[in-house]
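Using my numbering, the final residue of the sequence shown is 103, and nothing's skipped along the way. Inspection log for the structure reproduced underneath, given as structure tokens.
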Amino acid sequence: MAANMSKPPNPRTRHSVNCIEEAEEAVNRLREVLQQLGITLPSLRVEVASYTRDIPCPLIELGRCNVDTARAIAAAVLSGKGGAAQ
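Quick look at the structure:
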């Protein structure tokens, strides 16, 4: 009987996991910041297709919002409350 040999970790898999984790962290951070401004984007998430790609390049789904929310986001951006991307 052959010995049970596990495959070495695939660097592409680790990269993929890192990309998804970074995208999820970005979504959570954006959600927190928007909530501090009183803004909610109910559809904010990592695009579902990002999870199924061999080598993901995740996209963030901002979703749809009503006119008042769009105006609130525009006002926040124009006022400089968003700061620089980190």
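Built from N, CA and C at the ideal position, the CB exists for glycine as well. Computed from a predicted structure; not experimentally measured.
Burial state of residue i (16 or more Cβ within 10 Å)
{"i": "Ala40", "result": "buried"}
{"i": "Ser33", "result": "buried"}
8 angstroms contact criterion, which residue i and residue j should meet: CB distance rounded
{"i": "Glu78", "j": "Arg88", "result": "Between Arg88 and Glu78 the Cβ distance is about 21 angstroms, and since that is not below 8 angstroms, they are no contact."}
{"i": "Ser67", "j": "Leu58", "result": "Incorrect: roughly 17 angstroms between the Cβ atoms, too far for contact."}
Cα-Cα separation, residue i to residue j
{"i": "Leu95", "j": "Asp85", "result": "15 angstroms"}
{"i": "Asn35", "j": "Val44", "result": "14 angstroms"}
{"i": "Gly55", "j": "Glu38", "result": "26 angstroms"}
{"i": "Ile72", "j": "Glu64", "result": "14 angstroms"}
{"i": "Gly80", "j": "Ile90", "result": "13 angstroms"}
{"i": "Cys82", "j": "Ala93", "result": "15 angstroms"}
Nonlocal neighbours in the same chain, by C-beta distance under 7 angstroms from residue i, ignoring five residues either side
{"i": "Leu47", "result": "Leu61"}
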